[in-house]
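Protein chains: 2
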Amino acid sequence: MRRHRCHQVVRSDSETESESDAETMRCLSCKEEYAARDAGTCKECYEEASETEEELKREIEDLKAKVAFLRFWSPLDHAHRGSPTSPGPVFPDVVLVASDDGLPPVPVPAHKAVLVNRSPVFKAMLENEMEESRSGTIKISDVSYDALRAFVNYLYTAEAWLDEQMACDLLVLAEKYQVKHLKGFCEKFLVSKLNWDNSLLTYAFAHQHGAKLVLDAALSMITDNMDKLTKKEEYMELVEKDPRLVVEIYEAYLSKQVNTAVLKDTSMKS
Amino acid sequence: MRRHRCHQVVRSDSETESESDAETMRCLSCKEEYAARDAGTCKECYEEASETEEELKREIEDLKAKVAFLRFWSPLDHAHRGSPTSPGPVFPDVVLVASDDGLPPVPVPAHKAVLVNRSPVFKAMLENEMEESRSGTIKISDVSYDALRAFVNYLYTAEAWLDEQMACDLLVLAEKYQVKHLKGFCEKFLVSKLNWDNSLLTYAFAHQHGAKLVLDAALSMITDNMDKLTKKEEYMELVEKDPRLVVEIYEAYLSKQVNTAVLKDTSMKS
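Protein sequences, first through last, are from chains A and B.
FYI, this note's numbering numbers position 185 of the first sequence as 185, with every residue one higher than the one before it.
If you want this note's numbering, it's the position in the second sequence, counting the first as 1, plus 1000.
Printed below as a string of structure tokens:
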């Protein structure tokens, strides 16, 4: 890929001397000395890598500026909500209502244009003169006001504050309204919170909502700890409630064992 | 910052031998051999740099996905414009009109919410019940239909196809409506297209529209070529039309000469 000027080391006496001095070299990055056995890259590749890093950082700055430009203020953001003397400066043309909350419904204002742009489900709903489009009200069942508010906010800002409950609530909404970016965001969060204690519940949840990233991570954690599985409280509950999911765990475990055996076999032969 | 395991090279006979073999090392990046004098980094720093690069690349992927999520389809995008049998699926609530085009005006549909979100000027205009807000029509003078269309499109997508004329037209609109991101986008483009032939016109244009990035680049190119300046056709025109701008060129040149002299003086003394 790249040619070095000094491949053939032509020796003069002075060079031999300087090279013997140079048995330890100084790293251009951490500035510490190192011996030949700890050598990393040549100077040219180091300089190239530094340039690449600078370029990547510039690209990140550009993308962050683009995100800041494209990001909407949310219609829920107080700074843009307007005061009582100057009401409604944000021109919402639709409201969403958490219908099964038990509490008196508080409408969440939004823009049809934003909903349609972010979700193919809202697009079909609002563009096809369905009831929601005529009435300007979208009722959403099985969701709390807080989750609905966070959901709408995400559609404007691509940001959400998550805990495990909120991540699950938003993942369900993201699945229902096909907001892929939000689904991925929640999945990454749930994977980061995965541990042995919540692995079985997380597995069942991921299964139910087609969250492949979470499913794979949970399954991998469970099959790594099969000896402890049947002692788990949630295990018996799952066998009772949805035995097919338990079968899939055993199938995954079996397939892992077979793969491991094949690998061992291959390495022993070679 | 970081400690190496092998700083103190304790010699055994075999090690001396192997180190003498290792006078040329193999670069972990380009895989070619190099001599000590071409050494770049130690292994540890190389590995760390590789990790950093991977992390930066992941961050770029995440940001790109965020941009794709936040990016609006444009109301001008044919795929979303709807057919004659299903008109207006995009719920525009305002139109922009290029009023001084000479041609019969073609309205550019848009959403108040988007305009308000992207431009403080549109925000003031539309939130304060000015004529534009009541009529739902915003007249924009001194602009072609094509430039207005590209401008509105940028407010939705953060993207524009530029040539030099379009970059100038959009920069003027960006300045007028305080769309900083677009202004920066046009400025970078104009700097990339800067050459000796267009330097004086670009300088005057940048001056007129407060495009600091372009101004500095153009001024630097001009003051690097002062011997050719007065022979330029546009020079006499500028002296005629706006002599203050010419004075600023000479002032910049003088200040550059003084700085260079100081630098030379310092380096001679040291």
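Even glycine gets a Cβ: it sits at the ideal position worked out from N, Cα and C.
Keep in mind that this is a model prediction, so the values were computed, not measured.
Residue of 1171(B), 1138(B), 1218(B) minimising C-alpha distance to residue 1109(B): 1138(B)
Neighbour flag for residue 1084(B) against chain A, beta carbons, 8 Å: Low local confidence applies: a pLDDT of 38 at residue 1084(B) is under 50, so the model's placement there is unreliable, and no value is given.
Span of the alpha helix (DSSP H), counted from its first residue to its last, around residue 1244(B): 1243 to 1269
Rounded distance between the beta-carbons of residue 1057(B) and residue 39(A), thought under 8 Å: The pair is not a contact, with the Cβ atoms about 25 Å apart (cut-off 8 Å).
Neighbour-count burial assignment, residue 1036(B), 16 or more Cβ in a 10 Å radius: buried
In DSSP terms, what residue 34(A) is bridged to: 25(A)
With 16 other Cβ atoms within 10 Å as the buried cut-off, status of residue 141(A): exposed
Meets three-Cβ-pair contact criterion under 8 Å: the region 211 to 222 of chain A and the region 233 to 242 of chain A: no
Cutoff 8 Å: residue 1070(B) Cβ touching any chain A Cβ: yes
Proximal chain B residues relative to residue 63(A), where beta-carbon distance stays under 7 Å: 1060, 1063, 1064, 1067
Nearest-angstrom Cβ-Cβ length linking residue 187(A) and residue 213(A), presumed shorter than 8 Å: 4 Å
Distance CB(residue 170(A))-CB(residue 1064(B)) smaller than 8 Å: no
Cross-chain neighbours of residue 170(A) in chain B, by beta carbon under 7 Å: None at all; the shortest Cβ gap to chain B is about 14 Å.
Short-range partners of chain A found in the region 1154 to 1181 of chain B, where Cβ spacing is below 7 Å: 1158, 1181
Segment limits, beta strand (DSSP E) that includes residue 1160(B): Per DSSP, residue 1160(B) belongs to no beta strand (DSSP E) and is neither H nor E.
Residue 1268(B) versus residue 1259(B) - alpha carbon distance: 14 Å
CB contact below 8 Å: residue 137(A) versus chain B: no
Straight-line gap, residue 1199(B) to residue 1250(B) (C-alpha atoms, nearest Å): 15 Å
Residue environment, residue 1266(B), which counts as buried when at least 16 other CB atoms sit within 10 Å: exposed
Any chain C beta carbon closer than 8 Å to residue 268(A): The question asks about chain C, but that chain is absent: this structure's protein chains are A and B.
8 Å Cβ cutoff, residue 119(A) in contact with chain B: no
Cβ neighbour criterion (16 or more within 10 Å) applied to residue 230(A): exposed
Nearest candidate by alpha-carbon position, reference residue 92(A), set 1098(B), 1114(B), 1158(B), 1096(B): 1114(B)
Contacting positions in the region 183 to 216 of chain A - beta carbon closer than 8 Å to chain B: 184
Cross-chain neighbours of residue 25(A) in chain B, by beta carbon under 7 Å: 1036, 1039
Host alpha helix (DSSP H) of residue 1057(B) (start-end): 1043 to 1070
Residue nearest to residue 161(A) in terms of C-alpha spacing, selected from 175(A), 190(A), 180(A): 190(A)
Backbone CA spacing between residue 1176(B) and residue 1029(B) [nearest angstrom]: 50 Å
Any beta strand (DSSP E) of 3 or more consecutive residues that is wholly inside the region 167 to 243 of chain A: none
Straight-line Cα distance separating residue 1117(B) from residue 1130(B): 17 Å
Any C-beta of chain A under 8 Å from that of residue 1122(B): no
Distance between residue 1055(B) and residue 1048(B) (C-alpha atoms, nearest Å): 11 Å
Nearest neighbour of residue 95(A), chosen from 144(A), 151(A), 136(A), 67(A) [CA to CA]: 136(A)
is_contact[residue 230(A), chain B] using C-beta, thresh 8 Å: no
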